[in-house]
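Novice: Numbering (the numbering used here), first residue to last: -18 to 308.
1. Could you pull the start and end residues of the alpha helix (DSSP H) that residue 220 belongs to?
2. Nearest to residue 260 by CA position, among 131, 247, 217, is which residue?
3. According to DSSP, is residue 287 helix, strand or coil?
4. Quick one: is residue 150 buried, meaning 16 or more other Cβ sit within 10 Å of its Cβ, or exposed?
5. Contact check, residue 104 vs residue 236 under 8 Å by CB: the rounded distance?
6. Which partner residues does residue 82 have in the DSSP bridge list?
7. Below 6 Å CB to CB, which residues in the same chain sit around residue 247 once its five sequence neighbours on both sides are set aside?
8. Can you give me the C-alpha to C-alpha distance between residue 161 and residue 86, rounded to a whole angstrom?
9. Opposite residue 271 in the DSSP bridges: which residues?
10. Tell me which residues share the same chain as residue 70 and place their Cβ nearer than 6 Å to its Cβ, disregarding the 5 neighbours each side in the sequence.
11. So residue 271 and residue 253 are in contact, right, with Cβ under 8 Å, and what is the actual spacing, rounded?
12. Below 8 Å CB to CB, which residues in the same chain sit around residue 82 once its five sequence neighbours on both sides are set aside?
13. Rounded to whole angstroms, what's the CA-CA distance from residue 228 to residue 268? Just pull it up for me.
14. Can you tell me the Cβ-Cβ gap for residue 136 and residue 206, rounded? I've got them flagged as a contact below 8 Å.
15. Quick check on residue 192: buried or exposed, where buried means 16 or more other Cβ atoms within 10 Å of its Cβ?
16. Where does the unbroken beta strand (DSSP E) through residue 17 begin, and where does it stop?
17. Considering only residues of the same chain and omitting the five flanking positions on each side of residue 84, which have a CB-CB separation below 8 Å?
18. Going by the DSSP bridge assignment, what does residue 276 pair with across the sheet?
19. Measuring alpha carbon to alpha carbon, tell me which residue in 219, 156, 265 is nearest residue 176.
20. Could you check the C-alpha separation between residue 78 and residue 163 for me, to the nearest Å?
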């Protein structure tokens, strides 16, 4: 099995080149690192893009022009083989914040001329030393809230900040013991098996305790918020979420990867469900919605301890007939 170092080096080089680039240089960076079969997926309003120059022109150039002096503040970085498919594909995961000075309007979000942080998580599939596939998920509602334009009326939990791992050991630049990654993979698979269909038949707190530590940390997105301990997670997210939805589809991930005590999965979408109860302060619509999600996990021992979640809530609510005027 690979130690994934060459794939990590590709992404580290890409990040460094992207941070240094400005103007037309950004398109050159995207083209230099992109595989011929490249595809990029981003949250609403960007969706799928199959041309690296278009990724630069639609996303990176405007972002860097509006959030000036942009820098990447990375909290988690690791790689792994996608165990859902037997093709040997390797993905690199990067999570943290893109930080800059919010000096110009972006996507209809008013500038503050103050420090702003854009939560992000990216999945990169590496093929022949190039980026063949990217999933770039980012919390636009959190940026809107920083600008005083929060799109959502209420949260069942509380979004304050999104710190990195409590252990401060999320940057896996060096090779990790293979067995540790396999333990993380097993913990994630067990959790998905238990929770993925909402039909295990146990009380929710007992169900969660099978795969989570009691002092779990769930770092949710703006509009839902973060919560702490199984008991509060049950009351502040998982319980209200399950009560709001019916007709949940099966889970469908593009990739699941793990290295050391960290793991993650991503989907496009991960699942669909019908909104049949109140959610995020909104009334039920009876409509099916898609959930595009990246989840990042840290394992402690044989159970999961921390979880960082990125959900394309603007896309979900657009499918429900609500447009928050993101350009």
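A virtual CB, placed ideally from N, CA and C, is assigned to each residue, including glycine.
Specialist: Reading off the structure:
1. Position 239 of the chain shown, counting from 1, holds the residue named residue 220. Here the alpha helix (DSSP H) through residue 220 covers 220 to 225.
2. Locating residue 260 in the chain shown gives position 279, where the first residue counts as 1. Comparing Cα positions, the closest option is 217.
3. Looking up residue 287 in the chain shown gives position 306. Here residue 287 sits in strand by DSSP.
4. Taking the chain shown and counting its residues from 1, the one referred to as residue 150 is at position 169. Classification for residue 150: exposed.
5. Taking the first residue of the chain shown as 1, we reach residue 104 at position 123. Taking the first residue of the chain shown as 1, we reach residue 236 at position 255. Contact holds; Cβ gap of about 6 Å.
6. Locating residue 82 in the chain shown gives position 101, counting from the first residue. Per DSSP, 49, 96.
7. Position 266 of the chain shown holds residue 247. So the list reads 104, 116, 235, 236, 275, once near-sequence residues are dropped.
8. By one-based count along the chain shown, residue 161 stands at place 180. By one-based count along the chain shown, residue 86 stands at place 105. Spanning the two alpha carbons is a distance of roughly 44 Å.
9. As a working mapping, residue 271 is identified with position 290 in the chain shown. DSSP lists 253 as partners of residue 271.
10. In the chain shown, residue 70 corresponds to position 89, counting from 1. The residues are 63, 106.
11. Within the chain shown, the letter at position 290 stands for residue 271. Within the chain shown, the letter at position 272 stands for residue 253. Right, their Cβ atoms sit about 5 Å apart.
12. What you label residue 82 is simply residue 101 of the chain shown in a count that begins at 1. Excluding residues within five positions, the ones whose Cβ falls inside 8 Å are 48, 49, 50, 94, 95, 96, 97.
13. One-based indexing of the chain shown puts residue 228 at position 247. One-based indexing of the chain shown puts residue 268 at position 287. Their Cα atoms are separated by approximately 10 Å.
14. Counting from one through the chain shown, the residue named residue 136 turns up at place 155. Counting from one through the chain shown, the residue named residue 206 turns up at place 225. The pair is a contact, with the Cβ atoms about 4 Å apart (cut-off 8 Å).
15. The residue given as residue 192 occupies position 211 in the chain shown. With 16 or more other Cβ atoms within 10 Å, it is buried.
16. As a first step, residue 17 is located in the chain shown; it is residue number 36 there, counting from the start. Per DSSP, residue 17 belongs to the beta strand (DSSP E) from 15 to 23.
17. Here residue 84 refers to the residue found at position 103 of the chain shown. Counting only Cβ-Cβ distances below 8 Å, and skipping sequence neighbours, we find 47, 48, 49, 92, 94.
18. By one-based count along the chain shown, residue 276 stands at place 295. Answer is 246, 290, bridged to residue 276.
19. Along the chain shown, one-based indexing puts residue 176 at 195. Looking at the Cα atoms, 219 is the closest of the given residues.
20. The count along the chain shown starts at 1 and reaches residue 78 at position 97. The count along the chain shown starts at 1 and reaches residue 163 at position 182. Near 28 Å, if we compare the C-alpha coordinates of residue 163 and residue 78.
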